[in-house]
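Engineer: Mind looking over this structure? Questions follow.
Number of protein chains: 2
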Amino acid sequence: MTTAHERYERFCADIKAVGLRMTEQRKVILRVLAEATDHPDANALFQRAYAKDGSVSLATVYRTLRLLEDKGAIQRHAFDDGRARFENTDTDHHDHLIDLDTNAVIEFRSEKIEKLQAEIAAELGYEIVRHKLELYGRKRK
Amino acid sequence: MTTAHERYERFCADIKAVGLRMTEQRKVILRVLAEATDHPDANALFQRAYAKDGSVSLATVYRTLRLLEDKGAIQRHAFDDGRARFENTDTDHHDHLIDLDTNAVIEFRSEKIEKLQAEIAAELGYEIVRHKLELYGRKRK
DNA sequence: AATGCAATTGCGAATGATTTGCAAGAAAAG
DNA sequence: CTTTTCTTGCAAATCATTCGCAATTGCATT
Chain R
119 MTTAHERYER
129 FCADIKAVGL
139 RMTEQRKVIL
149 RVLAEATDHP
159 DANALFQRAY
169 AKDGSVSLAT
179 VYRTLRLLED
189 KGAIQRHAFD
199 DGRARFENTD
209 TDHHDHLIDL
219 DTNAVIEFRS
229 EKIEKLQAEI
239 AAELGYEIVR
249 HKLELYGRKR
259 K
Chain G
119 MTTAHERYER
129 FCADIKAVGL
139 RMTEQRKVIL
149 RVLAEATDHP
159 DANALFQRAY
169 AKDGSVSLAT
179 VYRTLRLLED
189 KGAIQRHAFD
199 DGRARFENTD
209 TDHHDHLIDL
219 DTNAVIEFRS
229 EKIEKLQAEI
239 AAELGYEIVR
249 HKLELYGRKR
259 K
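Residue numbers (the working numbering), protein chains in the order written: chain R, 119 to 259; chain G, 119 to 259.
This is the structure we're talking about:
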């Protein structure tokens with residue numbers, strides 16, 4: 119299990135690795151991202167960062183998000199509600215089950231499904247670069 | 119196999135079923151939708167409808183789209199490129215493979231994957247209402 | 001510690017997709 | 001043909017996200 123602090127260090131390393139500067143704003147945003155265990159959207163991240171440091175702007179949150187996404191440090195998801203949501207990529211790959219009543223996001227992973235996907239793509243003459251599997255459902259009672 | 123004309127008739131029935139009016143514009147838009155075999159976005163649908171009848175506006179295309187989506191007659195997809203794309207729901211359920219180079223959308227269906235998904239959701243205590251499986255890949259050479 | 005300069009910021013304006021308010025136009029019912 | 005109510009097109013309004021730009025700030029070098 120990776121800790122929030124380890125994630126933060128890794129983000130910093132990613133930034134410096136390409137000669138980018140470590141600004142106050144970036145530090146705050148990276149920390150917020152590293153601490154997130156949910157799937158926040160850009161505005162939620164901005165709120166959290168702004169609470170820690172009022173000098174952070176929404177534009178910079180978006181810029182930092184894009185930066186990290188390009189480096190593969192975080193992942194962007196476009197669930198059915200329109201706006202983009204983000205999560206760390208240091209954890210193992212997994213898919214999502216979205217609770218239609220609460221909007222909660224549950225992570226899961228199935229080796230079998232991963233394998234089947236690759237097989238299907240191969241049959242169609244394709245190689246999978248990435249995939250998105252989202253189950254939308256309700257709790258059974 | 120459902121024909122475009124049958125689909126059109128069904129759309130009309132859906133509209134009239136709730137006491138809505140059958141206007142010229144709606145007729146044109148329904149026809150365009152019924153004839154679509156691809157996954158057009160709102161603007162593409164507007165272009166096609168406008169070509170048939172210059173009195174159709176983009177706003178009405180959006181309004182009609184939402185109408186049909188609410189009735190479950192068409193389905194909205196949010197692929198990773200941001201804008202919404204639509205398709206008829208009269209065909210059997212299927213998933214999508216998106217060609218990253220050409221943006222082409224290939225449909226497929228796997229019984230095994232469907233079954234696995236249901237199993238996974240059940241394990242987590244959920245019942246699937248709908249799901250979305252998108253493979254993003256490149257042609258193998 | 002002071003200097004220089006390119007990277008970075010916040011702001012507000014721009015964007016692109018989609019929605020909405022409203023007055024004018026057209027169905028359906030009488 | 002009239003009335004009532006639904007629909008429309010247009011333009012303005014949203015929403016999420018991006019961009020231009022002048023001001024600021026890291027950071028490598030003195």
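Where is the CB? At the ideal position from N, CA and C, for every residue including glycine.
Because the structure is a prediction, the values reported are computed rather than measured.
Measure the CB-CB distance between Ala160/G and Tyr180/G and report whether it falls below 8 Å.
Structural biologist: Their beta carbons are under 8 Å apart, which means Ala160/G touches Tyr180/G by this criterion.
Engineer: Please state whether the Cβ-Cβ distance between Ala204/G and Ile238/R is less than 8 Å.
Structural biologist: Note that residue 204/G corresponds to Phe in the displayed sequence, not to Ala. Result no, Cβ atoms of Phe204/G and Ile238/R do not sit closer than 8 Å.
Engineer: Going along the chain, which residues of the region 220-252 of chain R sit with their C-beta nearer than 7 Å to a C-beta in chain G?
Structural biologist: Hits within the stretch, in order: Ile224, Phe226, Ser228, Lys230, Ile231, Leu234, Gln235, Ile238, Ala239, Leu242, Gly243, Tyr244, Glu245, Ile246, Val247, Arg248, His249, Lys250, Leu251, Glu252.
Engineer: Below 7 Å on C-beta distance, what does Asp198/R contact in chain G?
Structural biologist: Going along chain G in sequence order, the residues near Asp198/R (Cβ under 7 Å) are Ala196.
Engineer: Out of Ser173/G, Leu242/G, Val146/G, point me to the one whose CA is closest to Leu253/R's CA.
Structural biologist: Closest by alpha carbon: Leu242/G.
Engineer: Which chain G residues sit within Cβ distance under 7 Å of Leu163/R?
Structural biologist: In chain order: nothing, as chain G lies at least about 19 Å away.
Engineer: Nearest chain R C-beta to Tyr254/G closer than 8 Å, yes or no?
Structural biologist: It does: the Cβ of Tyr254/G has a partner Cβ on chain R nearer than 8 Å.
Engineer: Please list, in chain order, the residues of the region 170-186 of chain R that have any C-beta partner in chain G closer than 8 Å.
Structural biologist: For the region 170-186 of chain R, which is checked against every Cβ of chain G, not one residue is closer than 8 Å.
Engineer: Just reading off the beta strand (DSSP E) that Phe204/R is part of, what are its end residues?
Structural biologist: Counting along the chain, the beta strand (DSSP E) containing Phe204/R begins and ends at 203-206.
Engineer: Hey, would you say Ile147/G sits closer than 8 Å to Thr182/G, going by beta carbons?
Structural biologist: A contact, by the Cβ cut-off of 8 Å.
Engineer: DSSP on Phe197/G, reduced to helix/strand/coil?
Structural biologist: It is coil, neither helix nor strand.
Engineer: Determine, using beta carbons only, whether Arg201/R comes closer than 8 Å to chain G.
Structural biologist: No, its Cβ sits nowhere closer than 8 Å to a Cβ of chain G.
Engineer: Going by DSSP in three states, Val146/R sits in which element: helix, strand or coil?
Structural biologist: Helix, per DSSP.
Engineer: Kindly indicate if chain R contains any beta-carbon less than 8 Å away from that of Lys257/G.
Structural biologist: Output row for Lys257/G: interface = yes.
Engineer: Helix, strand or coil: how does DSSP classify His211/G here?
Structural biologist: His211/G falls in the coil class under three-state DSSP.
Engineer: From the DSSP output, in three-state form, read off Val174/R for me.
Structural biologist: If DSSP states are grouped into helix, strand and coil, Val174/R belongs with coil.
Engineer: Would you mind reading off the limits of the beta strand (DSSP E) that contains His249/G?
Structural biologist: Note, His249/G: beta strand (DSSP E), 244-257.
Engineer: May I have the straight-line CA-CA distance separating Val150/R from Ala167/R, to the nearest angstrom?
Structural biologist: Each residue's Cα considered, the two are about 6 Å apart.
Engineer: Taking Val223/G as part of the beta strand (DSSP E), name the residues at either end of that continuous run.
Structural biologist: Looking at the DSSP string, the run of the beta strand (DSSP E) that includes Val223/G is 223-226.
Engineer: Would you mind telling me which residues of chain G sit closer than 8 Å to Leu148/R, beta carbon to beta carbon, in chain order?
Structural biologist: None at all; the shortest Cβ gap to chain G is about 24 Å.
Engineer: Is the beta carbon of Tyr244/G sitting closer than 8 Å to the one on Arg256/R?
Structural biologist: Yes; because the gap between Cβ atoms is below 8 Å, this pair is in contact.
Engineer: Whole angstroms are fine: how far does the CA of Gly200/R sit from the CA of Gly200/G?
Structural biologist: Rounded to whole angstroms, Gly200/G to Gly200/R spans 8 Å at the Cα level.
Engineer: Just the chain R side, please: which residues come within less than 7 Å of Leu215/G by C-beta, in chain order?
Structural biologist: Here the neighbours are Ala239, Leu242, Tyr244.
Engineer: Leu218/R versus chain G: which residues are under 8 Å apart at the beta carbon?
Structural biologist: Under the 8 Å cutoff, chain G gives Val247.
Engineer: Where do the ends of the alpha helix (DSSP H) carrying Leu138/G lie?
Structural biologist: From DSSP, Leu138/G is part of no alpha helix (DSSP H); its letter is neither H nor E.
Engineer: Could you spell out where the alpha helix (DSSP H) holding Ala236/R opens and where it closes?
Structural biologist: Start and end: 229-241.
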